[in-house]
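Numbering (my numbering), first residue to last: 11 to 132.
Ideal placement from N, C-alpha and C gives every residue a C-beta, glycine not left out.
Computed from a prediction, not measured in an experiment: that's the story for all the values here.
Have a look at the structure below before the remarks.
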Amino acid sequence: GVVTGYGTINERLIYVFAQDFTVIGGSLGEMHAKKICKVLDMAMKMGAPCIGINDSGGARIQEGVDSLSGYGQLFYRNTIASGVIPQISIIVGPAAGGAVYSPAIMDFVFMVKNIGIMHITG
Numbered sequence: 011g012v013v014t015g016y017g018t019i020n021e022r023l024i025y026v027f028a029q030d031f032t033v034i035g036g037s038l039g040e041m042h043a044k045k046i047c048k049v050l051d052m053a054m055k056m057g058a059p060c061i062g063i064n065d066s067g068g069a070r071i072q073e074g075v076d077s078l079s080g081y082g083q084l085f086y087r088n089t090i091a092s093g094v095i096p097q098i099s100i101i102v103g104p105a106a107g108g109a110v111y112s113p114a115i116m117d118f119v120f121m122v123k124n125i126g127i128m129h130i131t132g
């Protein structure tokens, strides 16, 4: 599962997505990816920062290629947003595989001490 939205910090517009590890390990499925991509598209359109709160075990394997395609769409948006809007990632738990690659190409990555972990796989 993922929750997306927008709001303000110090009166500045921001967009945010937060992965929910309690829903299938926060794994990225087709709809999960579409929601994150939509919030990144909106952030780019408005020229506002996007903050990702990452807590994901990686791809939702039971969705197969659809899940992996979602990562491709997400990475594409990360790259076109690079240098256009600030992209900030917060690793609040274990992140593995594709869940690590998106934060790795964002502008800033913050990790919760002794809890946030990034595992490269593949």
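Whose CA, out of the options, lies closest to the CA of residue i?
i: Val119; options: Gly39, Ile98 and Ala58; result: Ile98
i: Asn64; options: Thr89, Asp76, Ser37 and Phe85; result: Ser37
i: Glu21; options: Ala58, Phe27 and Ala43; result: Ala58
i: Tyr86; options: Ile19, Pro113 and Leu23; result: Pro113
i: Ala69; options: Asn88, Thr89 and Met41; result: Met41
What does DSSP give as the partner residue(s) for residue i in the beta ladder?
i: Pro104; result: Ile127
i: Asn64; result: Ile101
i: Val13; result: Ala28
Would a C-beta distance cut-off of 8 angstroms place residue i and residue j closer than the cut-off?
i: His129; j: Val110; result: yes
i: Val94; j: Met56; result: no
i: Val26; j: Gly15; result: yes
i: Ala28; j: Ser66; result: no
Looking at the unbroken alpha helix (DSSP H) that takes in residue i, where does it start and where does it end?
i: Met116; result: From DSSP, Met116 is part of no alpha helix (DSSP H); its letter is neither H nor E.
i: Arg87; result: Val75 to Ala91
With H, G and I counted as helix, E and B as strand and the rest as coil, what does DSSP make of residue i?
i: Ile71; result: helix
At what residues does the beta strand (DSSP E) containing residue i begin and finish?
i: Leu50; result: Not the beta strand (DSSP E): Leu50 falls in the alpha helix (DSSP H), residues Glu40 to Met56.
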